[in-house]
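Peer 1: Residue numbers (the numbering used here), protein chains in the order written: chain A, 1 to 121; chain B, 1001 to 1428. Note that beta-carbon positions come from the ideal geometry of N, C-alpha and C, so glycine has one too. Treat the numbers as computed from the prediction; the structure is a model and nothing was measured.
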Amino acid sequence: MKSNKAIWVFFVLMVLAQLYVPASMIWSSEDVLETGKAFKFNTAPVDHNDPFRGKYIRLRYDIDRIEIPKTHDWKDGEPLFVSLDEDPEGFARIAAVSKEEPDNTMDFVSAKVDFITTSYE
Amino acid sequence: MSILKELSHLVSAGVISEETAEAIRKHYETQSSPSTNRLFVVFGILGSILVGLGVILIIAHNWDELSRFTKTCFAFLPLIIGHFLCGYTLFKKSESTAWRESTSAFLFFAVGASISLVSQIYNIPGDLSAFLLTWMFLCLPIIYVMRSSVTSLLLLIGITYYACEASYWSYPGTDSYAYWLLLLAVLPHYYLLLQNRPSSNFNTLHGWVIPLSLTIVLGTLSDGTESAMFIAYLTMFSIFYQISKMDFFQERQVNLRGYNIIGFVGAVFVLMLMTFSWYWEDLMRKEPSMGDLVASQEFWVLCFLTLIATLLLYRRQKQEGWKNILPLEPMYLLVIFTFFIGLFSPIAVILMNVLVLALGVLTIRNGAVRNHLGILNLGLVIITILIACRFFDTDLSFVARGLLFVSVGIGFFMANYLMLKKRKQDEV
């Protein structure tokens, strides 16, 4: 009987964990929706189909690249923070990128370096 | 049951008495029929996997017309149904394999469906590998709480998918160490399954899924010194083969064909790749120094695998003697030796070919000594593959190659003929 009780405890813990993860995803998203600032982006949609996410639209952003100095220490796949402001037309614009979380009052999003290319123009 | 139909014939023929027939009938009536029970388990599992996948597909349709709140409620619906079903099973049907396995399988998919639906509703970006990892971690407890082998199998498939996604299919590839953690977490269940229900079909399935998964994922540990990875694979295949011969499994009569076949075929495949000159030329060109080699991840993976393989080999040799060990099993030791020669000298490629040829000959001899036609022909197959590989990358004339093939073909006939003749003589 004792092991039976233990199984129930584990069962309840498992149920709570399985409910907690989607719930926490909802909560943090609701939080952003409530308190976040809305930005407008220039985008181009790409159609997609995926067994898990179904039919969805993937947006390719106009400002998904930024020029950096020839000498740099960025690596592919590195996490980074993109600070955003608005251009005169009201669309989002990259103000700065940094490796550390910006401590100023500017709005920022966390992102990842996709790839770095060198142009020889 | 066919034997019950035969009973009346047996009685009338005077083979058994009426009492014995009655006793046999009683015996089968008291036993619950295992075959229908097994069928029930299989259909239960298949049913819930289909329902679970169906739910995922229904969810994959974007229900744009519903409000966010309604959609969020629906996201939790399969999960909560899954929880209720599992709770009911634990409470009322905890001894029924069919109930435990099918409700667990449903819950497994419900968890994945909920997370992906929430991500979809809130447009949460995030890569597939992180999603798979969260899903698998959340489903790990199902294996132990519900004592579910289907979940264990699904989880093994899921973490393999995760490791491929994280390390092979995304750029830049990331390490997938969580795979090994989750694999270790599944093993206690596998052990209990072997211990308590050795003849279960789930053991047979695990015996295929685990070695296949390891074969797929071992390569993710490679970071730059691929040539050492070949030997790591060879050693791992040798371990698989040795596992299939371990007395722990043999005593319990576990079906280990998965380990056996993957181990043998894999080892021969790797050995054949290593007889090509490009492998050694690549090694010489890159010239990894001893220091680089020792610092690489592959080196430590290789050390670990070699240690396990050698321990297994030592135990087997003590218990069964060299006669019952296939020459393929200790092969990895010689290949490691050849590898270190290959770092300095181009002679290694010739050595490797000689090794594989010797392996073929020794396997034939092993088969002859044990009077085992299967092993004898395995040896012949090894030599044939070796010659077929050399057929493509040597400058021998067509005539010479042709003669080589003819002589191996004659070898096949002769070896089998002599073995059968010997058997006939033994019978006389």
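Using three-state DSSP, classify A38 of chain A as helix, strand or coil.
Peer 2: Sequence index remark: in the first sequence, residue 38 of chain A carries index 38 (1-based). Residue state, collapsed to three classes: coil.
Peer 1: Going by C-alpha to C-alpha distance, which of B:V1145, B:C1086, B:F1131, B:R1100 sits closest to A1166 of chain B?
Peer 2: Here residue 1166 of chain B refers to the residue found at position 166 of the second sequence. Out of B:V1145, B:C1086, B:F1131, B:R1100, B:F1131 has the C-alpha closest to the C-alpha of A1166 of chain B.
Peer 1: What is the DSSP secondary structure of A1267 of chain B, reduced to helix, strand or coil?
Peer 2: Numbered from its first residue, the second sequence carries residue 1267 of chain B at position 267. Of the three classes helix, strand and coil, the one that applies to A1267 of chain B here is helix, per DSSP.
Peer 1: Could you tell me which uninterrupted alpha helix (DSSP H) segments, each at least 4 residues in length, are contained entirely in the region 1100-1179 of chain B, listed from first to last along the chain?
Peer 2: You should have 1128-1145, 1149-1163.
Peer 1: In the DSSP output, what is E61 of chain A paired with across the bridge?
Peer 2: As a working mapping, residue 61 of chain A is identified with position 61 in the first sequence. According to the sequence displayed, residue 61 of chain A carries Tyr and not Glu. Beta-bridge pairing links Y61 of chain A to A:T43.
Peer 1: Taking the C-alpha atoms as reference points, what is the distance between N1203 of chain B and F1248 of chain B?
Peer 2: As a position in the second sequence, residue 1203 of chain B is number 203, starting the count at 1. As a position in the second sequence, residue 1248 of chain B is number 248, starting the count at 1. Going from the Cα of N1203 of chain B to the Cα of F1248 of chain B covers about 14 Å.
Peer 1: At 7 Å on the CB atoms, spell out the chain B contacts of V21 of chain A, in chain order.
Peer 2: Locating residue 21 of chain A in the first sequence gives position 21, where the first residue counts as 1. Neighbours of V21 of chain A on chain B, chain order: I1115, T1134, L1138.
Peer 1: If you compare alpha carbons, which of B:E1226, B:Y1314, B:I1115 is closest to M1274 of chain B?
Peer 2: Stepping through the second sequence from its first residue, residue 1274 of chain B is reached at position 274. That would be B:E1226, whose Cα lies nearest to the Cα of M1274 of chain B.
Peer 1: Against T1072 of chain B, what residues of chain A qualify as contacts under a CB-to-CB distance less than 7 Å, listed in chain order?
Peer 2: Reading the second sequence from its first residue, position 72 is the one you call residue 1072 of chain B. Chain A residues near T1072 of chain B: I26.
Peer 1: Can the beta-carbon of P1327 of chain B be found less than 8 Å from the beta-carbon of N1353 of chain B?
Peer 2: Against the second sequence, residue 1327 of chain B aligns to sequence position 327. Against the second sequence, residue 1353 of chain B aligns to sequence position 353. Result no, Cβ atoms of P1327 of chain B and N1353 of chain B do not sit closer than 8 Å.
Peer 1: Can you tell which of B:L1256, B:A1232, B:I1231 has its C-alpha closest to the C-alpha of Q1242 of chain B?
Peer 2: Within the second sequence, numbered from 1, the residue matching residue 1242 of chain B stands at position 242. If we check each option's Cα against that of Q1242 of chain B, B:L1256 comes out closest.
Peer 1: Determine the extent of the alpha helix (DSSP H) in which S1094 of chain B is found, giving its start and end residues.
Peer 2: Numbered from its first residue, the second sequence carries residue 1094 of chain B at position 94. That residue, S1094 of chain B, is in no alpha helix (DSSP H); it is neither H nor E in DSSP.
Peer 1: Can you tell me where the beta strand (DSSP E) holding A96 of chain A begins and where it ends?
Peer 2: If you number the first sequence from 1, residue 96 of chain A lands on position 96. Note, A96 of chain A: beta strand (DSSP E), 92-98.
Peer 1: Which residue's Cα is closest to the Cα of V1361 of chain B: B:H1083, B:L1380, B:Y1168, B:S1114?
Peer 2: Taking the second sequence and counting its residues from 1, one reaches residue 1361 of chain B at position 361. Of the listed residues, the one whose Cα sits closest to V1361 of chain B is B:L1380.
Peer 1: Closest Cβ-Cβ distance between S1148 of chain B and chain A: below 8 Å?
Peer 2: By 1-based counting over the second sequence, the position of residue 1148 of chain B is 148. With 8 Å as the cut-off, S1148 of chain B does not count as an interface residue toward chain A.
Peer 1: Does the structure place the region 1261-1269 of chain B close enough to the region 1334-1352 of chain B that three or more beta carbon pairs sit under 8 Å?
Peer 2: Contact between the region 1334-1352 of chain B and the region 1261-1269 of chain B is absent, because fewer than three Cβ pairs lie under 8 Å.
Peer 1: Do L80 of chain A and A92 of chain A have their C-beta atoms within less than 8 Å of each other?
Peer 2: As a position in the first sequence, residue 80 of chain A is number 80, starting the count at 1. As a position in the first sequence, residue 92 of chain A is number 92, starting the count at 1. No, the Cβ-Cβ distance between L80 of chain A and A92 of chain A is not below 8 Å.
Peer 1: At a CB-CB cut-off below 9 Å, which residues of chain B make contact with A17 of chain A?
Peer 2: As a position in the first sequence, residue 17 of chain A is number 17, starting the count at 1. Within chain B, the residues near A17 of chain A are F1137, L1138, P1141.
Peer 1: Which bits of chain B does I7 of chain A rub up against, with CB to CB less than 7 Å?
Peer 2: One-based indexing of the first sequence puts residue 7 of chain A at position 7. The contacting residues are L1090, V1145.
Peer 1: So, is A1400 of chain B buried or exposed, given that buried needs 16 or more other C-beta atoms within 10 angstroms?
Peer 2: Position 400 of the second sequence holds residue 1400 of chain B. Burial call: exposed.
Peer 1: Report the residue from A:M14, A:N4, A:P45 whose alpha carbon sits nearest the alpha carbon of I1142 of chain B.
Peer 2: Stepping through the second sequence from its first residue, residue 1142 of chain B is reached at position 142. I1142 of chain B has its Cα closest to that of A:M14, out of A:M14, A:N4, A:P45.
Peer 1: If the criterion is Cβ atoms closer than 8 Å, does the pair P22 of chain A and S1114 of chain B meet it?
Peer 2: Numbered from its first residue, the first sequence carries residue 22 of chain A at position 22. Numbered from its first residue, the second sequence carries residue 1114 of chain B at position 114. Contact flag set, yes.
Peer 1: Within the 8 Å Cβ cut-off, does S83 of chain A reach chain B?
Peer 2: On the first sequence, residue 83 of chain A is found 83 positions in, with the first residue counted as 1. No, its Cβ sits nowhere closer than 8 Å to a Cβ of chain B.
Peer 1: Smallest Cα separation from V1294 of chain B: which of B:D1223, B:I1350, B:M1331?
Peer 2: Reading the second sequence from its first residue, position 294 is the one you call residue 1294 of chain B. Nearest C-alpha to V1294 of chain B: B:D1223.
Peer 1: Could you name the residues of chain A that S1238 of chain B contacts, counting a contact when the two beta carbons are closer than 7 Å?
Peer 2: Locating residue 1238 of chain B in the second sequence gives position 238, counting from the first residue. Chain A residues near S1238 of chain B: none, gap ~35 Å exceeds 7 Å.
Peer 1: Using a beta-carbon distance below 8 Å, is G1087 of chain B in contact with chain A?
Peer 2: Reading the second sequence from its first residue, position 87 is the one you call residue 1087 of chain B. By this cut-off, G1087 of chain B is an interface position.
Peer 1: Establish whether the CB of H1009 of chain B and some CB of chain A are separated by less than 8 Å.
Peer 2: For the purposes of this step, residue 1009 of chain B is taken as the residue at position 9 of the second sequence. H1009 of chain B does not count as touching chain A.
Peer 1: Can you check whether the C-beta of P1429 of chain B is within less than 8 Å of a C-beta belonging to chain A?
Peer 2: As shown, chain B starts at 1001 and ends at 1428. That puts residue 1429 of chain B outside it, with no answer to give.
Peer 1: Can you tell me the Cβ-Cβ gap for M1236 of chain B and L1305 of chain B, rounded? I've got them flagged as a contact below 8 Å.
Peer 2: In the second sequence, the residue the question calls residue 1236 of chain B occupies position 236. In the second sequence, the residue the question calls residue 1305 of chain B occupies position 305. 5 Å between Cβ atoms; contact.
Peer 1: Can you tell me whether S1238 of chain B is buried or exposed? The criterion is at least 16 other CB atoms within 10 Å of its CB, across all chains shown.
Peer 2: The count along the second sequence starts at 1 and reaches residue 1238 of chain B at position 238. Buried.
Peer 1: Measuring CB to CB, does F1376 of chain B end up less than 8 Å from A1368 of chain B?
Peer 2: Residue mapping note: residue 1376 of chain B aligns to position 376 of the second sequence, counting from 1. Residue mapping note: residue 1368 of chain B aligns to position 368 of the second sequence, counting from 1. Strictly speaking, residue 1376 of chain B in this sequence is Leu, with Phe absent from that position. Contact: yes.
Peer 1: For M1041 of chain B and T1097 of chain B, what's the separation of their Cα atoms in angstroms?
Peer 2: Indexing the second sequence from 1 puts residue 1041 of chain B at position 41. Indexing the second sequence from 1 puts residue 1097 of chain B at position 97. Inspection of the sequence shows that residue 1041 of chain B is occupied by Val rather than by Met. One C-alpha to the other measures close to 7 Å.
Peer 1: Considering only residues of the same chain and omitting the five flanking positions on each side of M1 of chain A, which have a CB-CB separation below 6 Å?
Peer 2: The residue given as residue 1 of chain A occupies position 1 in the first sequence. The predicted model places M1 of chain A with a pLDDT of 45, which falls under 50 and marks its position as unreliable; any figure quoted below should be read in that light. Counting only Cβ-Cβ distances below 6 Å, and skipping sequence neighbours, we find nothing.
Peer 1: Identify the contact partners of A1075 of chain B in chain A, using a Cβ-Cβ distance below 9 Å as the criterion.
Peer 2: Counted from its first residue, the second sequence places residue 1075 of chain B at position 75. Correct list: P22, I26.
Peer 1: Just reading off the beta strand (DSSP E) that E86 of chain A is part of, what are its end residues?
Peer 2: Sequence index remark: in the first sequence, residue 86 of chain A carries index 86 (1-based). Here the beta strand (DSSP E) through E86 of chain A covers 79-86.
Peer 1: Just the chain A side, please: which residues come within less than 9 Å of Y1067 of chain B by C-beta, in chain order?
Peer 2: Taking the second sequence and counting its residues from 1, one reaches residue 1067 of chain B at position 67. Per the sequence shown, residue 1067 of chain B should be read as Ser rather than Tyr. None at all; the shortest Cβ gap to chain A is about 14 Å.
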